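In the numbering used here, the protein residues as written are 5 to 498. Beta carbons are placed, not taken as given, at the ideal position from N, Cα and C, and that holds for glycine. Fair warning: this is a prediction, and the values are worked out from it, not measured in the lab.
Structure (structure tokens):
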């Protein structure tokens, strides 16, 4: 980093400070404007720099304001306060020609500026990664035609939960509403008497099969590729683990409560993408011997800054998703966010599928809400695994006998096998009893953690309750089924 470049960037920040002082700007406004100056002055040092003014404004608003209740914000706030104090002192030193003091302050400001830049960088990277990964889930199912919709939403300037809500309106609730009518026309449902109920079953697979999908490889963005490369490199994995361990003991903490390992490793992965990460890990065991504690401390602060920005992005995305999912019940929102977890690909896929499941249930419930308890709507799920993936385990000794211990055929046929275990604990107990080698156990566990389910929404009409209130049971049943679209108006139920 050249001295001239540093001076140029600080001069830009100083110009903003002087302008704000002349207008007696409030501290909150001053913080926003100075951070924006830092962002703009460092566009060449920030990967995936937000070029649109709207995106820049959203970023600054998120870091300075929306994230202020998150634990990570305390660390950013401290750095920003020190930067503003030093910048004011630098202003005085420049005006009074105190060259020695100005030089010392430039060095201090350069370090603080670096931490603010790393903080912004961490936020940008994780926010971009989450969007890119979820967009890929959409593209894999909806095909290339969805790309125009995604681009439209991306460049529409949506902020906060509005982006996610617009995305869900198109690719979750909107898709379910449109496809439901198509599936009714194709009779892609089952209607049968089940004891004292008439059950209408709508398999989620029927909805998914209506999607065109794509057989093309979806190009990864730069952020996705860097993240994938980091996870595939044993050396970088070690760096991530080291940073995650450091973050676990951070005081003040970056995440609320007792953060899970996946969250800490996600923050560590974002920090590991920075060139300073290897220097931090390499110097961890050498700083004391070499007497370079100051340099090592600054490298550590840079890792913390990257993780701080990523932690704010993680917290705000979860808050934004919660608001965007306001159409679901509180319990459904909780379940969706729990499934999405730390935003890995499998979890995002499972979260999207769960949204479809709940949206379908909501559609059915909305059509029968006047009936109260006489019509119950619920979803039923059964964890499954692709038959081809299970057959790959045969090379490790997973023979037919063992397969019958863990799987059963799907009565609907197809390319899936259903797990016999109903919970992770049941699977662990079965693995323990089977006494299989580590490769097989790990292979089965990996299939389980893919979070793939056979799911269906079920509308159950309680004939007993219906008979108590309806003088003509058949007519009332026909009315309910007509509202669901299962029989045509005036036609008797089958």
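When the distance is taken between beta carbons, is residue j closer than 7 Å to residue i?
{"i": "residue 398", "j": "residue 168", "result": "no"}
{"i": "residue 303", "j": "residue 280", "result": "yes"}
{"i": "residue 419", "j": "residue 391", "result": "yes"}
{"i": "residue 248", "j": "residue 282", "result": "no"}
{"i": "residue 324", "j": "residue 165", "result": "yes"}
{"i": "residue 210", "j": "residue 192", "result": "yes"}
{"i": "residue 126", "j": "residue 301", "result": "no"}
{"i": "residue 311", "j": "residue 271", "result": "yes"}
{"i": "residue 501", "j": "residue 129", "result": "Residue 501 falls outside the range modelled here, since the chain spans only 5 to 498, and no answer is possible."}
{"i": "residue 458", "j": "residue 400", "result": "no"}
{"i": "residue 152", "j": "residue 143", "result": "no"}
{"i": "residue 68", "j": "residue 117", "result": "no"}
{"i": "residue 258", "j": "residue 315", "result": "yes"}
{"i": "residue 92", "j": "residue 163", "result": "no"}
{"i": "residue 200", "j": "residue 468", "result": "yes"}
{"i": "residue 424", "j": "residue 412", "result": "yes"}
{"i": "residue 202", "j": "residue 465", "result": "yes"}
{"i": "residue 454", "j": "residue 350", "result": "yes"}
Specify the secondary structure class of residue i as computed by DSSP and reduced to three states.
{"i": "residue 413", "result": "strand"}
{"i": "residue 385", "result": "strand"}
{"i": "residue 298", "result": "helix"}
{"i": "residue 470", "result": "helix"}
{"i": "residue 194", "result": "strand"}
{"i": "residue 460", "result": "strand"}
{"i": "residue 327", "result": "helix"}
{"i": "residue 447", "result": "helix"}
{"i": "residue 263", "result": "coil"}
{"i": "residue 102", "result": "coil"}
{"i": "residue 276", "result": "helix"}
{"i": "residue 440", "result": "coil"}
{"i": "residue 4", "result": "Residue coverage of the chain in this structure runs from 5 to 498, which leaves residue 4 outside it and unanswerable."}
{"i": "residue 257", "result": "coil"}
{"i": "residue 319", "result": "helix"}
{"i": "residue 395", "result": "helix"}
{"i": "residue 95", "result": "helix"}
{"i": "residue 238", "result": "helix"}
{"i": "residue 314", "result": "helix"}
{"i": "residue 350", "result": "helix"}
{"i": "residue 291", "result": "Since pLDDT at residue 291 reaches only 47, below the 50 mark, its modelled position is unreliable, and no value is offered."}
{"i": "residue 183", "result": "helix"}
{"i": "residue 72", "result": "coil"}
{"i": "residue 216", "result": "coil"}
{"i": "residue 151", "result": "helix"}
For residue i, is the classification buried or exposed, using 16 other Cβ atoms within 10 angstroms of its Cβ as the cut-off for buried?
{"i": "residue 484", "result": "buried"}
{"i": "residue 426", "result": "exposed"}
{"i": "residue 463", "result": "buried"}
{"i": "residue 66", "result": "buried"}
{"i": "residue 220", "result": "exposed"}
{"i": "residue 405", "result": "exposed"}
{"i": "residue 54", "result": "buried"}
{"i": "residue 470", "result": "buried"}
{"i": "residue 359", "result": "buried"}
{"i": "residue 233", "result": "exposed"}
{"i": "residue 48", "result": "exposed"}
{"i": "residue 46", "result": "buried"}
{"i": "residue 20", "result": "buried"}
{"i": "residue 71", "result": "buried"}
{"i": "residue 437", "result": "exposed"}
{"i": "residue 75", "result": "buried"}
{"i": "residue 305", "result": "buried"}
{"i": "residue 374", "result": "exposed"}
Would you mind giving the Cβ-Cβ distance between residue i and residue j, rounded to the nearest angstrom? I have them listed as a contact below 8 Å.
{"i": "residue 14", "j": "residue 110", "result": "6 Å"}
{"i": "residue 225", "j": "residue 147", "result": "Rounded, the Cβ-Cβ distance is 18 Å, inconsistent with contact."}
{"i": "residue 361", "j": "residue 212", "result": "With a Cβ gap of about 11 Å, residue 361 and residue 212 do not count as contacting."}
{"i": "residue 320", "j": "residue 227", "result": "Actually they are not in contact, since the Cβ atoms of residue 320 and residue 227 sit about 17 Å apart, beyond 8 Å."}
{"i": "residue 266", "j": "residue 345", "result": "6 Å"}
{"i": "residue 369", "j": "residue 206", "result": "Rounded, the Cβ-Cβ distance is 12 Å, inconsistent with contact."}
{"i": "residue 52", "j": "residue 352", "result": "That belief does not hold up - the Cβ atoms of residue 52 and residue 352 are roughly 19 Å apart, past 8 Å."}
{"i": "residue 39", "j": "residue 120", "result": "7 Å"}
Is residue i near the ligand NAD, judged by its Cβ being under 6 Å from some heavy atom?
{"i": "residue 280", "result": "Among the components modelled here there is no ligand, and therefore nothing to report on the ligand NAD."}
Per the DSSP calculation, residue i is bridged to which residue(s)?
{"i": "residue 379", "result": "465"}
{"i": "residue 420", "result": "390"}
{"i": "residue 205", "result": "194 and 462"}
Measure from the C-beta of residue i to each C-beta in chain C and report whether the shortest distance is under 7 Å.
{"i": "residue 160", "result": "Looking for chain C here will not work: only one protein chain is present."}
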